[in-house]
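In the numbering used here, the protein residues as written are 85 to 156. Positions of the beta carbon are idealized from the N, C-alpha and C atoms, including for glycine. In what follows, a single structure is set out as structure tokens and then discussed.
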């Protein structure tokens with residue numbers, strides 16, 4: 085009989101941050117993050133039990149995507 089897969093075999097969890105955590109790190113208000121979510125902007129997020137969480141890797145990817153070279 086095959087073994088039942090362990091949770092870590094099925095799902096890889098990244099560290100999750102609250103909107104307050106992300107706002108602090110990025111120097112934004114939680115209101116700005118909420119506005120961005122409603123507009124489909126900003127870092128990707130997940131909702132767990134109605135609570136918004138951000139994956140650290142998602143925040144890092146979003147920040148990297150905001151990088152621009154200076155024209156000069």
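*May I have the straight-line CA-CA distance separating residue 108 from residue 152, to the nearest angstrom?*
Position 24 of the chain shown, counted from the start, is the residue given in the question as residue 108. Position 68 of the chain shown, counted from the start, is the residue given in the question as residue 152. Taking the straight line joining both Cα atoms gives about 22 Å.
*Quick one, are the C-beta atoms of residue 104 and residue 116 less than 8 Å apart?*
Position 20 of the chain shown, counted from the first residue, corresponds to residue 104. Position 32 of the chain shown, counted from the first residue, corresponds to residue 116. Their beta carbons are not under 8 Å apart, which means residue 104 does not touch residue 116 by this criterion.
*Nearest-angstrom Cα distance between residue 120 and residue 97?*
Within the chain shown, residue 120 is the residue found at index 36, counting from 1. Within the chain shown, residue 97 is the residue found at index 13, counting from 1. Those two C-alpha atoms are separated by around 24 Å.
*Using the C-alpha atoms, what's the distance from residue 146 back to residue 129?*
The residue labelled residue 129 in the question sits at position 45 within the chain shown. The residue labelled residue 146 in the question sits at position 62 within the chain shown. A direct Cα-to-Cα measurement between residue 129 and residue 146 gives close to 11 Å.
*Rounded distance between the beta-carbons of residue 138 and residue 100, thought under 8 Å*: To locate residue 100, count along the chain shown from 1; it is residue 16. To locate residue 138, count along the chain shown from 1; it is residue 54. Right, their Cβ atoms sit about 7 Å apart.
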